[in-house]
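Trainee: Here my numbering is used: the first residue of the sequence shown is 1, the next is one more, and so on. Beta carbons are placed, not taken as given, at the ideal position from N, Cα and C, and that holds for glycine. Input: one structure, supplied below.
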Amino acid sequence: MADDVRTADRTDHPTATGAADHAWRDADRPVAERARALLAALTREEKVALLHQHAPAVDRVGLAAFRTGAEVLHGVAWLGRATCFPQPVGLAATWDADLVERVGAVVGTELRAKHAADPTVSLNVWAPVVNPLRHPAWGRNEEGFSSDPHVTAWLAGAYARGLRGDHPVYWRTVPTLKHFLAYNNETDRAVTSSGLPPRVLREHELPAFRGPVEAGVVGAVMPSYNLVNGRPNHVARELLDELRSWTDLPLLVVSDAAAPGNLVTFERYFDDHVASHAAMVRAGVDSFTDNDADARPTVERVTAALDAGLLDEADVDRAVLRQLELRIRTGELDPDRDPWVVRPDAIDLPAHRALAREAVARSVVVLENDGVLPLVPGARVAVVGPHADRVLHDWYSGTPPYLTGLGTALADRLGTDRVAVADGADRVVLTSSTTGGDVRPLADGTLVADGEGGDGTLVDVVDWGHGLLTLRGVQADRLWSGVGWVLRADATRVGGWVAQESFRAHRHDDGTWSLQHVGSGRWVRVQHDEAGTLVAEAQGPGSAERFAVRVVRSGAAEVARVAADADVVVVTAGNDPHLHGRETEDRPDLELPAAQRALWRAAAGANPRTVLLVVSSYPYVLPPETDAASAVVWTSHGGQELGPGLTDVLVGDVEPTGRLAQWWPADAAQAGNLLEYDVVGARTTDWWCPTPPRYGLGHGLTYGAVRYVAALASPAAHDVTGLDPARGPGGAPAAGEPAVEVRVTVANDGPRTAHELVQVHVDAPEHRLAFPRRLLAHARVALLPGASADVVLRVPVRELATWDVTRDRWVVEPGTYVLGAGPSATTLPLRTSVEVTGPAVPPRVLVGRAVRAADADARAGLVLTDRTRDAGDAVQVPRGRGRGHVVLRTCATAGATTITAEVARTRPGAASVTVRDDVTGRLLARVDVPEGGGRYDWATVTAPFAGPSADVVDLRVELEGPARLATVRLG
C-alpha cells in the first residue's frame, strides 16, 4: 500500500516530476522559506504521517526517517556509555550559568556523537525540565532546577543554550522544555487538575518557561500529563498560544508519551480519539508520542478528523511546518554546512571528565559548619552510611563510563590509612525454613537455599525507609533482583521503569522474615527442587517462605566502631533515586529514613565531631538530633565524579561555592498540600510561606568569613506614572528602562579567599496583596582575605510588579518596597527601601463589564475549571462539597440595579448563585441555575441587585449545589 501511494505521488503531485523549484534544497535561502517550500512539496498523506513521533522518510524530497525525543536530562541517557553530570537540582546549586551552559554543550556534543554512530538517534532532545520546584515531595524533584521560577528560567536557559549551540542558523540539538504546565505531582498525574488562579499562573508558573523561550534557546515544548483548571494541557490552546507569543521562532509542541490516548481513556475529556486528536492539533500540538513506534492509530485518527471536517489541512500544515523548520536547523538537509558534526567517539573525553568533576564540586553546598570543615591535614576520617562509597543513578542518568565514590576518593586524597568506610548495612545470613539451607547465588546469580555458610551466603540489607529494603550479595557485590520469576543476585544498581531490586520484609512473631518483591507485588517462596530455588510467586506472607535471620554484623555497631577511631566522621544519608520518589511515585514524606537516623545516632554517640552529608534528589526536614552536627553538607546525586568532587570541597582544595536553589522547609506543614497549586492562597513556597524555612533560597556557606557592611539603593524613589511593565518580572534588563541600583559592600574577615553569592531580595509588608518575598538580583564576588568590595546590582523597577487580576496586566503599585541584602533569602543583614509613587489600582469595574469568576481575589470551597473544552476558565462547586465562594474585592457598584451571571451545572439538582457584601454579609442578589443542560451549556440569567451602602465594596459570590459560574456583570 505504501509503495502504491508513493507511485501516485510521483505522477499526481505538482512537485513530484522534478520540474518544480526545489527551494528547500537551497541552503542560502532563509530557513522559514525553505520549510514552506518543502511543505508545499508534500502530499496530505505525507504530512499526516509526519505528525507521529516516528515519522517515515520521504525520499523524493530528501527527508530521512525522523523521530522526536532523546533524553539528555543531565547527560545522554538510554543510549549507552556517556558522561553523567549532577542532577539538574544539583547543577542549579552552582548558581553558575556559564558552567551549566558548558555542561549542556558537552551533553549536546555527546548526543551528536550518538547520532553520528546511529542517525536514528534524534537531535530533538527532551530537556530541560523547567517546572518550578513547588513542593519537595514531588517524585521528580531531581529533574527541576529551582523553587524560584526566575532562577529556573536563568539556569535551564543556560543548559538549553549549551544544548542548542551558538550558530545563527544551525543548532547542535533542539532542546524541548518540559512539562507545560503546573506539573509537580506523580500521584494521579494523568487525571489531576492543577488549579491556577491568574496570579499564580503569571507570577509563579509561566516565568520559568518564558525565559528560555524568549532567549531563543529552545525549539520545542512538551505539555504535561495533568490538567490545568479542568482542561488537559494537551488541548490548552490559550496557554500554548501564550507560549508561542514570546518568540518569533517556531516552537514544536510534542506530546508526552501516551498522553494523546489519556484524553479519552483516563481523563474522559473526549468520547473518541478522532475528536481528541483533532482538538490537540487545533490547540497547537504538532507531534504525537503515542503507541510507541506504531504510527498507524495516529495517522488513522488524524485522517478521519480531516475527512469529518474536524480539522482543516491548514491545521496540519502549521504543525508540519514547525517540524520542518527545526529539522532544517539541525542540518538534516545540509550536512556539508552543519558545524556540529562530530565523530562517534566524542564521548567521555578527558575534558568531559574534568567538567563533570568541576560540576560536582561547584554544586556542593555547605549548609552548616562549626569549623570542622575543611578537614585538617592528617585527619583520620570515617565515612559511613549508605552513600559512603556508592554512587547511585536516577531514571534519566544514562550509563556513566565509571563511578568513583566518596570513600575511594577521600582515600586517594588522604591515604588509605586515614580513611575508614562503613556503609551501615546489616550483614545477615538468611536460612530457609523449608530446606534448612542458607540462601546463596549460583554462578549465574540464581538464588537458591542450599548453602552451608561461607561468604557466598552473606547479604547486606539496607533499609531505605517505610520498610523498603535492598539486599546485596556480599561476595559478588550484586543486588537481589526479581526481573524474572526466579530471583537472582545479578543487579549492579536499582533501576528500570519499575524497580526490580527492592523488597519488603514481613517479620513474624518468631523472628523469621517473609520477603515481598515490590516490583511484582509477589512474595518469595522456595521451590521444591533439589537446590531450593527462590521465586516470586506467593500471594501473601502466609504462603511465602519464612527465613531465619542471623545477623553477622550490625550496621549501627560497625558505624559506631569506625566512628570512635576517627578524628571526624562523615555520616552520609539520603535517597536512592529509584525508591521513594521518582517519576510515577511521589515521596511518602519529607523525613530522613528511620534507619539512617539510627546510623546518625550511632556515629554521633561515638564521636561528636560528626558531619551530616545528605546525598539526595530533594530537600529533607532534618530531625532534631542532627542539630548537634558539626557540619551539614548537601549534594545531589552527582554522577561519575561524585566522590572526587565532594572530596575537593571537604578537604578544602576547592572553595564551597554551591548555594541552594531550592528552599528546605523546617517542617512538613510549610510545604503544604502536594495537590494544592494555589501557592498564593495557600501561602506556600518560600515566596509566600509566613514562617521561616530551615534553609532559604541561596543559602550556603563559604570557608571564608564574609561580613555585610552596607547597602544603598539609588534612586530611592520612583514615580511609576505612565510605566507599562508589560513584560513583568524576569528576563534581561532592557537598555534605558527604569531601574534601582543597589550597592552592597561586603568584606572578608577570614584567612581564606571567600566566594560569596551576594543577593538582593524584596518584600512589601504593606502591599495590598500577598506580596512574593523573592529574589531580585544576585552576583558572585571573590574576596581575598581582609579584602572588601562594592557589589552593584541593577534591578529594573518592573521586577516589583504583581499581576492585577482586575485589569489583566502587570502593575507596580505605589508603596514601600524593602530590599534586603545578604547571603540567602532568610539571612538578610542589610536592608534599604525604595519608595514608589504613582496611581493606585482603581476599583474593579463590574457595571457594564463582565468579570470572570476565575479572576477573583480569593476563593474557598470552589475549584477552577474549564469554561469550554477549547478556551476560558470558570469556577464550580466540586463533587463532594455543597457550596463555596469567591471574593471580588474593591468593586465599583454605584448605580447598579441588576446582576447578570453566566451559569451552568455539573449535574441535576438545585443550584444557585448568591451575591453578598463580604463585610456586612448583606444579601445583594440571588439567581438560580436553570435546570437541564450539561457543563458546557451556559445560560445567562439576570436578577435584581440591591445596591450596597457604599459605592465600592467587596463582593462575596456564593455557589451552592452543582453550580458553575463563568462571569458576573452589573447593570
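1. Just verifying my parser: in three-state terms, what is the DSSP assignment at residue 66?
2. Are residue 369 and residue 631 touching if we call contact CB-CB under 8 Å?
3. Rounded to whole angstroms, what's the CA-CA distance from residue 473 to residue 644? Just pull it up for me.
4. Take the Cβ of residue 498 as the centre, count every other Cβ of all protein chains shown within 10 Å, and call the residue buried at 16 or more, exposed below.
5. Using three-state DSSP, classify residue 701 as helix, strand or coil.
6. Is the Cβ-Cβ distance between residue 603 and residue 433 less than 8 Å?
7. Select from 359, 955, 410 the residue whose C-alpha is nearest the C-alpha of residue 380.
8. Would the C-beta of residue 961 count as close to the ligand NAP, meaning under 7 Å from any of its heavy atoms?
9. DSSP three-state call for residue 810: helix, strand or coil?
10. What are the partner residues of residue 533, as DSSP defines its beta bridges?
11. Mapping DSSP to helix, strand and coil, what is residue 732?
12. Count the other CB atoms, across all protein chains shown, that sit within 10 Å of the CB of residue 969; report buried if there are 16 or more and exposed otherwise.
13. Per DSSP, which residues does residue 287 bridge with? Please list them.
14. Can you check which of these residues, 391, 36, 363, is closest to residue 648 by C-alpha distance?
15. Suppose the cutoff is 6 Å on Cβ atoms and the five residues either side in sequence are ignored; what does the same chain contact list for residue 573 look like?
16. Can residue 175 and residue 127 be called in contact, C-beta distance under 8 Å?
17. Can you check which of these residues, 231, 171, 703, is closest to residue 325 by C-alpha distance?
18. With a CB to CB cut of under 6 Å and the five nearest residues on each side skipped, what residues in its chain are close to residue 707?
19. What distance in whole Å lies between the Cβ atoms of residue 640 and residue 391, which are believed to be in contact at a cut-off of 8 Å?
20. Excluding five sequence neighbours on each side, which residues of the same chain lie with their C-beta closer than 6 Å to the C-beta of residue 956?
21. What's the C-alpha gap between residue 724 and residue 733?
22. Are there 16 or more other CB atoms within 10 angstroms of the CB of residue 839, so buried, or fewer, so exposed?
23. Which residue comes first and which comes last in the alpha helix (DSSP H) that contains residue 596?
24. Which residues does DSSP pair with residue 270 in a beta bridge?
25. Based on the DSSP secondary-structure assignment, which residues constitute the bridge partners of residue 677?
26. Taking only three categories from DSSP, how would you classify residue 328?
27. Comparing alpha-carbon positions, which option in 552, 334, 701 lies nearest residue 25?
28. Which residues in the same chain as residue 199 place their Cβ atom closer than 6 Å to its Cβ, once the five residues preceding and following it in sequence are excluded?
29. In whole angstroms, what is the alpha-carbon distance linking residue 650 and residue 481?
30. Give every residue of the same chain whose Cβ lies closer than 7 Å to the Cβ of residue 828, excluding the five residues on either side of it in the sequence, and list them in chain order.
31. With a Cβ-Cβ cutoff of 8 Å, do residue 319 and residue 294 count as a contact?
32. For residue 303 and residue 59, I'd like the C-alpha separation in whole angstroms.
33. Among 458, 763, 165, 412, which has the Cα closest to the Cα of residue 646?
34. If distances are taken between C-alpha atoms only, which option among 465, 625, 849 comes closest to residue 807?
35. Which residues bound the beta strand (DSSP E) around residue 239?
36. Ordered along the chain, which non-local residues of its own chain (more than five positions away) have a Cβ less than 8 Å from that of residue 343?
Mentor: According to the data block:
1. To locate residue 66, count along the sequence shown from 1; it is residue 66. Correct three-state label for residue 66: strand.
2. On the sequence shown, position 369 is the one that residue 369 refers to. On the sequence shown, position 631 is the one that residue 631 refers to. Closer than 8 Å, so yes.
3. Counting from 1 along the sequence shown, the entry for residue 473 is found at position 473. Counting from 1 along the sequence shown, the entry for residue 644 is found at position 644. One C-alpha to the other measures close to 27 Å.
4. For the purposes of this step, residue 498 is identified with residue 498 of the sequence shown, where counting begins at 1. Its Cβ having fewer than 16 others within 10 Å, residue 498 is exposed.
5. Within the sequence shown, the letter at position 701 stands for residue 701. Coil at residue 701, not helix or strand.
6. Indexing the sequence shown from 1 puts residue 603 at position 603. Indexing the sequence shown from 1 puts residue 433 at position 433. No; because the gap between Cβ atoms is not below 8 Å, this pair is not in contact.
7. Taking the sequence shown and counting its residues from 1, one reaches residue 380 at position 380. Ranking the options by Cα distance to residue 380, first place goes to 410.
8. Among the ligands in the structure shown, none appear at all, so the ligand NAP cannot be discussed.
9. Position 810 of the sequence shown, counted from the first residue, corresponds to residue 810. Strand at residue 810.
10. Position 533 of the sequence shown, counted from the first residue, corresponds to residue 533. Per DSSP, 448.
11. Position 732 of the sequence shown, counted from the first residue, corresponds to residue 732. Of the three classes helix, strand and coil, the one that applies to residue 732 here is coil, per DSSP.
12. Translated into positions along the sequence shown, residue 969 becomes position 969. It counts as buried.
13. Indexing the sequence shown from 1 puts residue 287 at position 287. In the DSSP output, where bridge partners are listed per residue, residue 287 has 254.
14. The residue given as residue 648 occupies position 648 in the sequence shown. When only C-alpha atoms are compared, the closest one is 363.
15. Along the sequence shown, one-based indexing puts residue 573 at 573. Around residue 573: 385, 592, 596, 614.
16. The residue you call residue 175 lines up with position 175 of the sequence shown. The residue you call residue 127 lines up with position 127 of the sequence shown. The criterion of a C-beta distance shorter than 8 Å is satisfied by residue 175 and residue 127.
17. Reading the sequence shown from its first residue, position 325 is the one you call residue 325. Ranked by how close their Cα comes to the Cα of residue 325, the residues 231, 171, 703 have 171 in first place.
18. Taking the first residue of the sequence shown as 1, we reach residue 707 at position 707. Cβ within range, chain order: 747, 749.
19. As a working mapping, residue 391 is identified with position 391 in the sequence shown. As a working mapping, residue 640 is identified with position 640 in the sequence shown. Taking 8 Å as the upper bound for CB-CB distance, residue 391 and residue 640 are in contact here, some 7 Å apart.
20. Walking along the sequence shown from the start, residue 956 turns up at place 956. 885, 887, 916, 918.
21. Looking up residue 724 in the sequence shown gives position 724. Looking up residue 733 in the sequence shown gives position 733. Rounded to the nearest whole angstrom, the C-alpha separation of residue 724 and residue 733 is 14 Å.
22. Residue numbering aside, residue 839 sits at position 839 when the sequence shown is read from its first letter. Flag for residue 839 reads exposed.
23. Here residue 596 refers to the residue found at position 596 of the sequence shown. Note, residue 596: alpha helix (DSSP H), 594-606.
24. Residue numbering aside, residue 270 sits at position 270 when the sequence shown is read from its first letter. Residue 270 pairs with nothing; no bridge assigned.
25. In the sequence shown, the residue the question calls residue 677 occupies position 677. As far as DSSP is concerned, residue 677 takes part in no beta bridge.
26. Taking the first residue of the sequence shown as position 1, residue 328 is located at position 328. The answer is helix: DSSP assigns residue 328 an H, G or I state.
27. Here residue 25 refers to the residue found at position 25 of the sequence shown. Of 552, 334, 701, the smallest CA-CA separation from residue 25 is found for 334.
28. To locate residue 199, count along the sequence shown from 1; it is residue 199. Excluding residues within five positions, the ones whose Cβ falls inside 6 Å are 680, 803.
29. Within the sequence shown, residue 650 is the residue found at index 650, counting from 1. Within the sequence shown, residue 481 is the residue found at index 481, counting from 1. Taking the straight line from one Cα to the other gives about 35 Å.
30. Along the sequence shown, one-based indexing puts residue 828 at 828. If we look at residue 828 and ignore the five residues flanking it on each side, its Cβ neighbours are 761, 820, 821, 822.
31. As a first step, residue 319 is located in the sequence shown; it is residue number 319 there, counting from the start. As a first step, residue 294 is located in the sequence shown; it is residue number 294 there, counting from the start. It is not a contact, given that the beta carbons lie outside the stated cut-off.
32. Translated into the one-based positions of the sequence shown, residue 303 becomes position 303. Translated into the one-based positions of the sequence shown, residue 59 becomes position 59. Inter-residue distance for residue 303 and residue 59 is about 22 Å (C-alpha atoms, whole angstroms).
33. For this step, residue 646 is matched to residue 646 along the sequence shown. Comparing Cα-Cα distances from residue 646 to each of 458, 763, 165, 412, the minimum goes to 412.
34. For the purposes of this step, residue 807 is taken as residue 807 along the sequence shown, with counting starting at 1. Checking every option, the nearest Cα to that of residue 807 belongs to 849.
35. To locate residue 239, count along the sequence shown from 1; it is residue 239. Where residue 239 is concerned, there is no enclosing beta strand (DSSP E), although the alpha helix (DSSP H) it sits in stretches over 237-244.
36. Walking along the sequence shown from the start, residue 343 turns up at place 343. Only 113, 116 meet the Cβ criterion.
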